[in-house]
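K.L.:
Mind having a look at this structure? Questions to follow.
Residue numbers (this note's numbering): -11 to 42.
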């Protein structure tokens, strides 16, 4: 079981060892799915694992 269900962008970047700008670019391109509520974006753990395996 993962420690978290979803990650903020900063934490997701730290976990997989990529920059925030790379994650934002891939989110914008539709490569990395994310949830958005108001101004906050979160990446689900399952989506982050799939993305890291690309």
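The C-beta atom is built at its ideal place from N, Cα and C for all residues, glycine as well. Quantities reported herein were computed from a predicted structural model and do not represent experimental measurements.
Considering residue -6, what are the terminal residues of the beta strand (DSSP E) in which it resides?
P.N.:
That run of the beta strand (DSSP E) goes -6 to -4.
K.L.:
Determine whether the Cβ of residue 5 lies closer than 7 Å to any Cβ atom of chain D.
P.N.:
Structure shown: chain D not included; a single protein chain is present.
K.L.:
Mapping DSSP to helix, strand and coil, what is residue 19?
P.N.:
Looking at residue 19 - three-state DSSP - the assignment turns out to be coil, as it is neither helix nor strand.
K.L.:
Quick one: give me the first and last residue of the alpha helix (DSSP H) that residue 36 is part of.
P.N.:
Looking at the DSSP string, the run of the alpha helix (DSSP H) that includes residue 36 is 33 to 40.
K.L.:
Just how far apart, CA to CA, sit residue 36 and residue 28?
P.N.:
Their backbone Cα atoms lie some 17 Å apart in a straight line.
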